[in-house]
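Chains as they are written, first to last, in the working numbering: chain W, 19 to 108; chain E, 442 to 952.
Structure below.
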């Protein structure tokens, strides 16, 4: 079984929109809610897509803005202009 | 028919290209002086790097983006700090007992943020490659921001509550604060690669989630808007630091096979050093949050056993295994917080924060979260202490505890397979005997005895007469601790009296 990768976001307006985008693009993802934060786990690989976040937010979004909403993550990160991938390689 | 002629738009560089332009060509082969003189610490740890350019920041953060987003984080944070102060946020926390966790945070953690600032500035100077140098420079600035924002935010509580008035001084002197202080001094006095393994990887990547994520969520649950905000503002940087930590480990492992055993040894050492340091966080989570989010054991399972398990499986392809003594940490998870709290309950007359016997419903929560250990091993102590306290005989332990030479925690931990027996280990070095709390700390000593025989152990220092005098009031004065105010049980403390007065006034109509 693939090990979970994980991302934790703040429960802010933007954080909620990013979480919704992640959940729509990664059907295997599961959510845990705690006071003030949301932790999303997904087996093996998880993708954050710029266009999906823009759809959720209703405005242009630069993926580097994720720095403002991020609390924690687990997995190897790779970022370009269109997507951020968090993955385990095994 | 008219045609609208569009100006040809200059193609914008992509993120990968922008990052490549930022980092490449920043370093060069020196000619006036040999490289070995310019970078004197690059080789002596035995780590071999063949291609520094192979290191890349996965977030590919450029300087302009860095300043832009950090400025935005600061604006958000200071808006909250102002709002918190203007709205008397100190009155909206669940219970003033909670503030004692913040006292530990300010005296134990915030000074480490400052040390991290210095540490990253130092290793950023000593790495040969431009990629890691830029990342370390950003992190050095981040860490300074964390120290400043924590001090600034918590200063609001200092207007009302005790024990928050001289955190930097206390950090250098108070007995239990030698645990975080010596942890960081140990890392900062190592070479640059070991420092990054210690702080970026073992501490930031493997362990800080346990401090910043469930504890900050707990702060939110307890109405501490100030701490949550600086906590998550810092933690958004930490995600970048964690990524640096994982990248630097992979980078060392990919560069040369000979690096693998060195890195594994550091992972073993710094996992254990960091885990021992987190003892106090275990206690903060299980005992100091009036409203609790999750237990220490649950957090350990989520963030070390599950997340750490996935990480070490991923690193297995390089020949890296789970840290040594992770099995001992697993065995200790049902007792760590209780053993620590019981010890601080004993010694709170010499601490800059209050302790207490948990309330009935809190004991019930602990029983539920720790079904195998709490009722059998710890509840009877609290019930006994409670009775003593009701009879006017609140117990304080007036002896001084023996400390572990490596982690400097009092010898409070029990045998991995026997929670009723204190764990003692010892080693001889040049005719002297040294004592340890665990096999983990004993191994670390045996590997570098010349480093750890220099440990500044607070209890030894008190006995040697280096801490203001021979009595507890003398030592407290040397700590800058106000005896009878900052220390002792929460019951009867000025903090409690203030809080109870506020709560009483809540029921009154104006005036």
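Ideal Cβ positions, reconstructed from N, Cα and C, are used throughout, including at glycine.
Short CB-CB distance (under 9 Å) between residue i and chain E
i: residue 44/W; result: no
i: residue 89/W; result: yes
i: residue 54/W; result: yes
i: residue 64/W; result: no
i: residue 86/W; result: yes
i: residue 39/W; result: no
i: residue 92/W; result: yes
i: residue 74/W; result: no
Residue i at chain W interface by Cβ criterion, 9 Å
i: residue 681/E; result: yes
i: residue 391/E; result: The requested residue 391/E is not part of the displayed model; chain E covers only 442 to 952.
i: residue 662/E; result: yes
i: residue 755/E; result: yes
i: residue 659/E; result: yes
i: residue 586/E; result: no
i: residue 771/E; result: no
i: residue 465/E; result: no
i: residue 758/E; result: yes
i: residue 673/E; result: yes
i: residue 850/E; result: no
i: residue 777/E; result: no
i: residue 765/E; result: no
i: residue 719/E; result: no
i: residue 517/E; result: yes
i: residue 691/E; result: yes
Own chain residues within Cβ distance below 6 Å of residue i, not counting five before or after
i: residue 817/E; result: none
i: residue 678/E; result: 583
i: residue 934/E; result: 795
i: residue 696/E; result: 490, 491
i: residue 625/E; result: 553, 556
i: residue 746/E; result: none
i: residue 753/E; result: 763
Own chain partners of residue i with C-beta closer than 7 Å, once the 5 adjacent residues on each side are dropped
i: residue 870/E; result: 890, 894
i: residue 503/E; result: 459, 460, 463
i: residue 952/E; result: Residue placement at residue 952/E cannot be trusted, given a pLDDT of 49 that sits under 50; the coordinates are not used to answer.
i: residue 89/W; result: 26, 27, 28, 55
Chain-ordered chain E contacts of residue i [CB-CB under 7 Å]
i: residue 24/W; result: 748
i: residue 95/W; result: 499, 500, 684
i: residue 47/W; result: Result: empty, since nearest Cβ-Cβ is about 15 Å, beyond 7 Å.
Proximal residues of chain E, C-beta to C-beta of residue i below 8 Å
i: residue 78/W; result: Residues of chain E passing the Cβ test: none, with the nearest at roughly 13 Å.
Chain W contact residues for residue i, given Cβ-Cβ distances below 7 Å
i: residue 457/E; result: 98
i: residue 954/E; result: Not covered by the structure: residue 954/E. The range shown for chain E is 442 to 952.
i: residue 676/E; result: 89, 90
i: residue 751/E; result: 21, 22, 92, 106
i: residue 687/E; result: 94
Close Cβ partners of residue i (< 8 Å) along its chain, the five nearest in sequence each way excluded
i: residue 867/E; result: 874, 875, 876, 877, 883
i: residue 420/E; result: Past the boundaries of the shown model lies residue 420/E; chain E is included only from 442 to 952, so the question cannot be answered.
i: residue 15/W; result: Residue numbering for chain W in the displayed model covers 19 to 108; residue 15/W lies beyond these limits and cannot be assessed.
Within chain W, the residues that residue i reaches when beta carbons sit closer than 9 Å
i: residue 734/E; result: 52, 53
Nearest-angstrom beta carbon gap, residue j and residue i [assumed within contact, 8 Å]
i: residue 614/E; j: residue 919/E; result: 7 Å
i: residue 554/E; j: residue 578/E; result: At roughly 16 Å, the Cβ-Cβ gap does not stay under 8 Å, so residue 554/E and residue 578/E are not in contact.
i: residue 692/E; j: residue 97/W; result: With a Cβ gap of about 17 Å, residue 692/E and residue 97/W do not count as contacting.
i: residue 927/E; j: residue 603/E; result: 5 Å
i: residue 778/E; j: residue 724/E; result: 5 Å
i: residue 726/E; j: residue 740/E; result: 7 Å
Chain W residues whose Cβ lies nearer than 8 Å to that of residue i
i: residue 510/E; result: 82, 83, 85, 86
i: residue 669/E; result: 54
**Message:** Closer than 8 Å between beta carbons: that is the criterion. Which residues of the stretch 790-812 of chain E meet it against chain W?
**Reply:** none
**Request:** Output, in sequence order along the chain, the residues in the stretch 627-656 of chain E whose CB is closer than 8 Å to any CB in chain W.
**Result:** 650, 653, 654, 655
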